[in-house]
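K.L.:
Take 1 as the starting number for the sequence shown in full-length UniProt numbering and just add one per residue.
Each residue gets a CB set at the ideal place from its N, CA and C atoms; glycine is no exception.
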Amino acid sequence: MEGSAIVNAIIYLVGLIVIVMAVLSLIGLR
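Structure representation (C-alpha cells):
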C-alpha cells in the first residue's frame, strides 16, 4: 500500500512538472 502510494505521488508530481514546463514553453513562444 505504502509503496503504491509513493509511486502514485511521484507520477502525480512528474505530471505537474510536465504541465508546468509545457505552460512555460507556450508563454515563452508568445
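(1) Suppose the cutoff is 8 Å on Cβ atoms and the five residues either side in sequence are ignored; what does the same chain contact list for residue 29 look like?
(2) Tell me which residues share the same chain as residue 19 and place their Cβ nearer than 7 Å to its Cβ, disregarding the 5 neighbours each side in the sequence.
(3) Please report how far the alpha carbon of residue 3 lies from the alpha carbon of residue 14, in whole angstroms.
P.N.:
Working from what's here:
(1) none
(2) none
(3) 17 Å
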